[in-house]
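>
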Amino acid sequence: MSVSPRIVPFSFEEPIFAGQAAQVSCLVSEGDAPIQITWNFANAEIPKDFGVDVQKMGKRGSALIFESADARHRGNYTCLAANSAATTQYTTVLNVHGNCKYIYTLPRNMSVNLHIFSIRTSTFFYVCLSIKFFV
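Quick note on numbering: my numbering labels position 91 of the sequence shown as 94, and the sequence is numbered without any gaps.
#1: CB-CB under 6 Å to ALA84, same chain, minus the five flanking residues each way: which ones, in chain order?
#2: What first and last residue would you give for the beta strand (DSSP E) that runs through GLN39?
#3: Measuring only the C-alpha atoms, how far is TRP42 from SER87?
#4: Of the choices GLU16, ARG75, GLN26, SER28, whose alpha-carbon is the least far from that of ASP52?
#5: So PHE13 packs on CYS29, CB below 8 Å; how close in whole Å?
Right, here's the structure in full:
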């Protein structure tokens, strides 16, 4: 009788902010060889130009490595392990907070009045503030 692959549960460390590196590993702890391990993003194959490096880790493991995570990397990542008995999968979510880009420099000697506001909360959150100037 053939043994189906069993994937050890995994997750991304939280929180991950735009620009940070991230990594997650998929380990198949049991199942008859040979085992083929692949990754999906949002239920589809990960595009080659997606900014993610897929690394094989021996015969029973694979890792996703993000050198610089950003908003396009947010979503569900699924590790699929297949052998002659079955295909099993495990899915985890990557949340990338932020992704602000500084896109405007004020000219010298220009003054701007901004209304200041405050937010009170009982939990940590990340705010991406966008300010547009019309001159």
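Note that beta-carbon positions come from the ideal geometry of N, C-alpha and C, so glycine has one too.
If you're wondering where the values come from, they're calculated on a predicted model, not measured in any experiment.
Inspection of the coordinates gives the following:
#1: PRO8, ILE10, VAL31, ILE38, ILE40, THR91
#2: 39–44
#3: 18 Å
#4: ARG75
#5: 6 Å
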